[in-house]
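Undergrad: Here it is: the structure, laid out below.
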Amino acid sequence: MVNKIKYYFQCLDKMKELQGKRAVSTNKIEQINLNIEIRRLENILVDYDFIIDNILNDEERKYLLLRYRKNISIKKLEAILNKSATSLHRLENSIITKFN
1377 MVNKIKYYFQ CLDKMKELQG KRAVSTNKIE QINLNIEIRR LENILVDYDF IIDNILNDEE
1437 RKYLLLRYRK NISIKKLEAI LNKSATSLHR LENSIITKFN
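Below, the structure is given as structure tokens:
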């Protein structure tokens, strides 16, 4: 289940990479292929974006950003969010449930 969350951030990174390549590409065929791949990723990300924007609360969104985007450990998150490791695991389980 955590893999879905990691996959989301991997897709975001890949899409940004492809957008950068498209911006500097002068080859029309390459641009078309990059556009196709970007659209494919956008189709994958739309469901995740809906969950993040409309279903998760602010605390859950902050946790996702810190834990999976910034790769901050649970130990450091305890201090940042002023929560115990147990509370953070419960929070993560809640997020995972919402992604299923």
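Throughout, this note's numbering is defined as the position within the sequence shown, counted from one, plus 1376.
We treat Cβ as the ideally placed atom computed from N, Cα and C, and that holds for glycine.
None of the values given here were measured: they were computed from a predicted structure.
1. Quick check: the Cα distance between N1447 and L1441, rounded to an integer number of angstroms?
2. For the stretch 1377 to 1413, which segments carrying the alpha helix (DSSP H) assignment without a break, of at least 4 residues, lie completely within its bounds, in sequence order?
3. Quick check on N1469: does DSSP put it in helix, strand or coil?
4. On the premise that K1474 lies in contact with L1432, defined as a C-beta separation below 8 Å, what is that separation, rounded to the nearest angstrom?
5. Locate the alpha helix (DSSP H) running through K1438, then write down its first and last residues.
6. Using a 10 Å radius around the Cβ and a threshold of 16 neighbouring Cβ atoms, would you call E1468 buried or exposed?
7. Which residues bound the alpha helix (DSSP H) around I1450?
TA: Based on what the coordinates show:
1. Counted from its first residue, the sequence shown places residue 1447 at position 71. Counted from its first residue, the sequence shown places residue 1441 at position 65. Approximately 8 Å between the Cα atoms of the pair.
2. 1378 to 1400
3. Here residue 1469 refers to the residue found at position 93 of the sequence shown. Of the three classes helix, strand and coil, the one that applies to N1469 here is helix, per DSSP.
4. Within the sequence shown, residue 1432 is the residue found at index 56, counting from 1. Within the sequence shown, residue 1474 is the residue found at index 98, counting from 1. Yes, L1432 and K1474 are in contact; Cβ-Cβ is about 6 Å, under 8 Å.
5. The residue given as residue 1438 occupies position 62 in the sequence shown. Counting along the chain, the alpha helix (DSSP H) containing K1438 begins and ends at D1434 to L1440.
6. Sequence index remark: in the sequence shown, residue 1468 carries index 92 (1-based). The residue in question, E1468, is buried, as its Cβ has 16 or more Cβ neighbours within 10 Å.
7. Taking the sequence shown and counting its residues from 1, one reaches residue 1450 at position 74. For I1450, the enclosing alpha helix (DSSP H) begins and ends at I1450 to L1457.
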